[in-house]
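Quick note, the sequence shown lines up with residues 5 to 322 if you use the numbering used here.
We treat Cβ as the ideally placed atom computed from N, Cα and C, and that holds for glycine.
Just so we're clear, the structure is a prediction, and the values are computed from it rather than from any experiment.
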Amino acid sequence: MRREFAYLLFIKNLISFSPRQLEGEQKAGDFIISFLEKFKFQYKLQYFWTEVPKVEKEILIADGKKIACKGTSFVSGKVRDKNYLISSLIPSRFFLDKSNINFNPKSPGISLSNFYFAPAIAVCRGDLNLILKAEKIEGEVRVKPVRYKARNILVGNLRNPKVICFAHYDSIGKGAVDNASGVAVLLSTLISHPFVLKENLFVFSANEELSYDKPTYWGHGFRAFEEEFLKTMKKTKKIVVVDCVGNGKAKILKDEEMIYLAFPIKNAKKLKNKISILTGDLEKLMSVYHSDLDNLKQLSEKYLREAERKLLMLIKLG
């Protein structure tokens with residue numbers, strides 16, 4: 005008898021640990037493991053050391069008025085002017101070492117779209133006029149680098165998988181679409197179609213969003229897997245990354261820029277022909293990206309199940 009997966013209930017529980025960094029990431033991993041154990045799936049844990057920024061203070065004052073903000077930097081320091089008031093939808097590499105105040109023009113909330121290796125503060129677009137009109141800007145962010153042991157959760161055929169499926173479980177902000185959705189799709193596939201485990205590998209990856217790797221600070225958990233299991237990745241027929249599904253029609257993308265954004269491993273160019281990114285409505289995602297607006301309301305069970313069907317299709321074609 006086919007088991008039905010309660011998508012929205014699972015995601016509601018997973019995002020209760022958000023933001024899923026440090027302790028939140030650990031709790032999310034425990035929650036995923038508890039699900040695997042409940043359904044008696046065997047798993048292996050891959051541990052690796054990493055370092056992430058813990059923002060301990062963020063403040064922005066414009067002409068004496070405090071502006072709501074969040075820190076988006078890997079280092080501490082002051083933001084003394086508005087010379088670099090930038091859209092956070094511009095790739096981070098263009099301002100990586102520039103102190104800035106950033107905003108997401110597509111989001112009404114405070115969106116932590118990018119992080120920078122210089123003091124940086126994110127604000128909402130609604131406060132731009134206050135900042136632009138201000139004669140004096142005083143900002144500061146205090147960041148503590150925290151080293152910890154993260155863990156990837158591996159389920160299925162680790163010896164000679166035909167297809168390797170990835171979904172990261174950490175988040176910035178609530179992270180319902182990004183990427184509780186992908187985690188849910190992988191788990192639902194396992195529960196509803198357990199036969200896929202015989203020939204394929206499922207990887208629930210930690211530490212995707214932030215690390216001190218420069219310039220590509222995201223994707224560290226994927227690279228940790230790559231470092232240990234590169235031979236396996238080279239032998240497999242297909243690699244599928246499930247990221248940000250369930251908010252619109254599922255799409256399968258294979259272009260190099262998308263692979264860099266969603267799966268920035270060191271050997272991406274060599275393996276690009278076997279990598280597919282299974283994703284949803286990316287334009288819609290930008291309105292809630294890396295913010296507390298990325299909540300359960302953004303998701304549809306219809307689109308989550310569609311993503312599951314497409315994943316199963318990719319696995320069967322693998």
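- request: Put Val292 into one of helix, strand or coil per three-state DSSP.
  value: coil
task: Within 10 angstroms of the Cβ of Asp34, are there 16 or more other Cβ atoms? Answer buried if so, exposed if not.
output: For Asp34, the number of other beta carbons within 10 angstroms of its own is below 16, and it is reported as exposed.
message: For the pair the stretch 48–66 and the stretch 88–101, tell me if three or more CB-CB distances fall below 8 angstroms.
response: no
message: Mapping the DSSP letters down to three states, classify Ile269 as helix, strand or coil.
response: coil
- request: Taking only the alpha-carbon atoms, compute the straight-line gap between Arg309 and Val150 and give it to the nearest angstrom.
  value: 37 angstroms
query: Expressed to the nearest angstrom, what Euclidean distance is found between the alpha-carbon atoms of Gly186 and Ile65?
result: 38 angstroms
- prompt: Secondary structure at His172, three-state DSSP: helix, strand or coil?
  reply: strand
- request: Within its chain, find whatever has a CB closer than 8 angstroms to the CB of Gly225; leave out the 5 residues flanking it on each side and keep chain order.
  value: Phe52, Thr54, Ala154, Asn156, His172, Asp174, Ser209, Ala210, Asn211, Glu212
task: Thinking Lys82 and Pro123 are a contact (beta carbons under 8 angstroms), I'd like their distance in whole angstroms, please.
output: 6 angstroms
task: Could I get the ranges of all uninterrupted beta strand (DSSP E) runs contained in the stretch 95–152, with 3 residues as the minimum, in chain order?
output: 104–107, 124–126
message: Using CA atoms only, rank isn't needed, just tell me which of Ile125, Gln46, Ile36, Lys42 is closest to Phe78.
response: Ile125
message: By DSSP's criteria, Ile65 is part of a beta bridge. Which residues make up the other side?
response: Lys70, Glu142
message: Considering Cα atoms alone, identify which of Phe233, Gly252, Asn251 is closest to Ile243.
response: Phe233
query: Between which two residues does the alpha helix (DSSP H) carrying Gly186 extend?
result: 185–196
- prompt: Is it true that the stretch 103–111 meets the stretch 125–134, where meeting means three or more beta-carbon pairs spaced less than 8 angstroms apart?
  reply: yes
message: Tell me the residue span of the beta strand (DSSP E) that contains Gly33.
response: Unbroken run through Gly33 is the alpha helix (DSSP H), 27–42; no beta strand (DSSP E).
message: Buried or exposed, going by whether 16 or more other CB atoms sit within 10 Å of the CB of Glu8?
response: exposed
query: Considering only C-alpha positions, which residue in the set Asn161, Glu62, Gly284 is nearest to Val145?
result: Glu62
- prompt: Of the residues Leu318, Glu231, Lys238, which one's Cα is nearest the Cα of Ile281?
  reply: Leu318
task: For Gly81, name the three-state secondary structure that DSSP assigns.
output: In the three-state scheme derived from DSSP, where H, G and I count as helix and E and B as strand, Gly81 is classed as strand.
query: Residue ranges of each beta strand (DSSP E) run of no fewer than 3 residues wholly in the stretch 222–274, ordered along the chain?
result: 242–246, 255–257
message: Quick check: what's the CA-CA separation for Pro112 versus Leu297?
response: The straight-line gap from Cα to Cα measures roughly 9 angstroms.
message: Taking 7 angstroms as the threshold (C-beta atoms), are Glu60 and Lys148 in contact?
response: yes
Residue of Leu12, Ser20, Lys44, Phe21 minimising C-alpha distance to Ile195: Lys44
- prompt: Of the residues Tyr264, Ala184, Arg24, which one's Cα is nearest the Cα of Glu305?
  reply: Ala184
- prompt: Can you give the Cα-Cα distance for Phe290 and Ile71, rounded to whole angstroms?
  reply: A quick correction: the sequence has Met, not Phe, at residue 290. One C-alpha to the other measures close to 22 angstroms.
field: Cα-Cα separation, Met5 to His197
entry: Because Met5 sits at a pLDDT of 47, beneath the cut-off of 50, its placement in the model cannot be relied upon, and the point is left open.
message: Buried or exposed, going by whether 16 or more other CB atoms sit within 10 Å of the CB of Asn164?
response: exposed
field: Where the beta strand (DSSP E) containing Phe324 begins and where it ends
entry: Here the chain comprises residues numbered 5 to 322, so residue 324 is not present and cannot be evaluated.
query: Which class does Leu214 belong to by DSSP, given the choice of helix, strand or coil?
result: coil
field: Whole-angstrom C-beta distance between Leu191 and Phe14, which should lie under 8 angstroms
entry: 7 angstroms
- request: Taking all protein chains shown into account, decide if Pro23 is buried (16 or more other Cβ within 10 angstroms of its Cβ) or exposed.
  value: buried
query: Is it the case that the Cβ atoms of Phe206 and Gly252 are separated by a distance below 7 angstroms?
result: no
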